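Chemist: One structure, pasted below without further comment.
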Ligand code: SF4
Ligand code: SF4
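In the numbering used here, the protein residues as written are 11 to 451.
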């Protein structure tokens, strides 16, 4: 059955055009409510998954138009997908959420000249080509290496700036001295008997903020019998675009990735970023209507593996216990790794394979830290509340090392621990594994 009541406007609508079996899945049981961070904070039905789905369904049924209030609600949602894990009816909230945000953008419900300009520059232009982001990253790196950032922060000038600008300046990430293409050869041969040939996706934000994690991933894969193909010029996965209402550009980037990494040439296509991986493994849905890509996109989804998932699948080679220092680590689960990809046990298995490592469970380990893509930029208040809650739990574990597998979570929590002056190391699980292999030579 297709959505739309008699007399409903014929305007193209992302939600009205969505498969109605997805729109009508929710049975209003409310079991998702306790898992939703925005409902937990406000106790308002409209800020819950059930309330949001009801709004989306009203639009799909032609009973409601996308208004400013609807748009604000869709952007107050973190897109953390905790509600999907909790839902007994299997509601595909990820699909609803992407189409709802696309509805907001296409209807212009939140449009202002300033917002349109920022979106065109940041989402469509900057993240449209990796070279542009790398150029910006290199400029910020120079600004940081010359000490200008430190000078600005110590000078007191920031006090005279508007609060919003001060908040944004505080979010400026530390840029790596080298990007992935400088650290990883286009081809890394297996360090032991070759069993697999894999492609490594180096990402966009990951590439400029955590290229060292990409290098560690290539090394760990080689240590586990994989030839690793890592082209120096890659494309953004498109998750930022899909989660922010730019589905056409997300499809374009999906096509470019499939062209660059034909899935029939690899045993696996590896992602080490929870948020990217969650989007990357759904190219089949994104390109379902395109005969030239649909079959390859489904093959791509089957080959797309999170790095922890892949290492456990192929039988991770534990590092020898030579010179292994005792390490106490706690693990924060990236929402899109846990709820989007359902990869929960494997990162813990990877950590526990490291000799002399003690894993302490983090309370509410799969509760969003507030990063959520660009949520910490557009909803700083709620993102800040969630970050404080996460940091309090980290303190309660007394662990000096926090492992997490998503660049957004890493950057957001690093900002938080610096602000609080906490003596905690934030690190990707794969980096801890790579260090253990290096110690053993
Ligand atoms: S995605 Fe997260 S914030 Fe949004 S409704 Fe679901 S649980 Fe709540
Ligand atoms: S989304 Fe799922 S858990 Fe939440 S109210 Fe609907 S059916 Fe129940």
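In this text, a Cβ means the ideal position worked out from N, Cα and C, and glycines have one as well.
Predicted, not measured: the structure shown is a model, and the values here were computed from it.
Identify the continuous beta strand (DSSP E) that holds residue 340 and give its terminal residues.
Modeler: 337-341 is the span of the beta strand (DSSP E), which, as asked, contains residue 340.
Chemist: Output the distance between the C-alpha atoms of residue 421 and residue 235, rounded to the nearest integer angstrom.
Modeler: Going by the C-alpha atoms only, they are around 31 Å apart.
Chemist: Per the contact definition of three or more C-beta pairs closer than 8 Å, is the segment 238-250 in contact with the segment 187-196?
Modeler: Contact between the segment 187-196 and the segment 238-250 is present, because at least three Cβ pairs lie under 8 Å.
Chemist: Provide the residue(s) that pair with residue 368 in DSSP beta bridges, ordered along the chain.
Modeler: Its beta-bridge partners are 338.
Chemist: How far does the beta strand (DSSP E) with residue 28 in it extend, from its first residue to its last?
Modeler: Unbroken run through residue 28: none, as it is neither H nor E.
Chemist: If we require 4 or more residues per run, which alpha helix (DSSP H) segments fall completely within the segment 206-277?
Modeler: Whole alpha helix (DSSP H) segments, 4+ residues: 215-219, 221-233, 249-253 and 257-270.
Chemist: For residue 285 and residue 344, which I take to be in contact (beta-carbon distance under 8 Å), what is that distance rounded to the nearest angstrom?
Modeler: 7 Å between Cβ atoms; contact.
Chemist: If you measure from the CB of residue 284, is any heavy atom of ligand 1 nearer than 7 Å?
Modeler: Checking every heavy atom of ligand 1 against the Cβ of residue 284, none is found closer than 7 Å.
Chemist: So, at 8 Å on beta carbons, what are the nonlocal neighbours of residue 506 in its own chain, with the 5 sequence-adjacent residues on each side left out?
Modeler: Outside the displayed range of the chain (11 to 451) lies residue 506, so it cannot be described from this structure.
Chemist: Smallest Cα separation from residue 434: which of 107, 411 and 157?
Modeler: Minimum Cα distance to residue 434 is reached at 411.
Chemist: Relative to ligand 1, is the shortest distance from any of its heavy atoms to the C-beta of residue 91 smaller than 7 Å?
Modeler: Yes - ligand 1 has a heavy atom lying nearer than 7 Å to the Cβ of residue 91.
Chemist: For residue 254, collect the residues of the same chain with a Cβ closer than 8 Å to its Cβ; drop the 5 residues on either side in sequence, then sort them by chain order.
Modeler: Correct list, in chain order: 111, 115, 129, 133, 383 and 384.
Chemist: Pairing CB atoms from the segment 202-220 with CB atoms from the segment 284-304, are three or more of them under 8 Å?
Modeler: A contact exists between the segment 202-220 and the segment 284-304.
Chemist: Tell me which residues share the same chain as residue 99 and place their Cβ nearer than 8 Å to its Cβ, disregarding the 5 neighbours each side in the sequence.
Modeler: Excluding positions up to five away in sequence, the list reads 35, 36, 37 and 39.
Chemist: By Cβ distance below 6 Å, which residues in the same chain neighbour residue 417 in space, the five residues on each side in sequence not counted?
Modeler: Excluding residues within five positions, the ones whose Cβ falls inside 6 Å are 215, 216, 219, 220 and 283.
Chemist: In terms of residue numbering, what span does the alpha helix (DSSP H) encompassing residue 400 cover?
Modeler: Note, residue 400: alpha helix (DSSP H), 390-407.
Chemist: Out of 311, 247, 313 and 363, which has the shortest C-alpha to C-alpha gap to residue 334?
Modeler: Considering only alpha carbons, the answer is 363.
Chemist: Can you give me the start and stop residues for the beta strand (DSSP E) that residue 316 sits inside?
Modeler: 314-316 is the span of the beta strand (DSSP E), which, as asked, contains residue 316.
Chemist: Is it buried or exposed for residue 274, if we count other Cβ within 10 angstroms and need 16 for buried?
Modeler: Residue 274 is exposed by the Cβ-count criterion.
Chemist: Going by the CB atoms, is the gap between residue 423 and residue 400 shorter than 8 Å?
Modeler: A contact, by the Cβ cut-off of 8 Å.
Chemist: Exposed or buried, what is residue 94 when buried is set at 16 or more other beta-carbons lying within 10 Å of its beta-carbon?
Modeler: Buried, since its Cβ has 16 or more Cβ neighbours within 10 Å.
Chemist: Go to residue 452, then tell me how far its alpha helix (DSSP H) extends in each direction, as first and last residue.
Modeler: Nothing can be reported for residue 452, as the shown portion of the chain is limited to 11 through 451.
Chemist: With DSSP collapsed to three states, give me the class of residue 332.
Modeler: Three-state DSSP puts residue 332 in coil, outside helix and strand.
Chemist: Assuming residue 247 contacts residue 263 (C-beta within less than 8 Å), just tell me the rounded distance between them.
Modeler: The Cβ separation is near 7 Å, so the contact holds.
Chemist: With distance defined between alpha-carbon atoms, name the residue in 349, 277 and 310 nearest to residue 266.
Modeler: Checked all of 349, 277 and 310; the closest Cα to residue 266 is 310.
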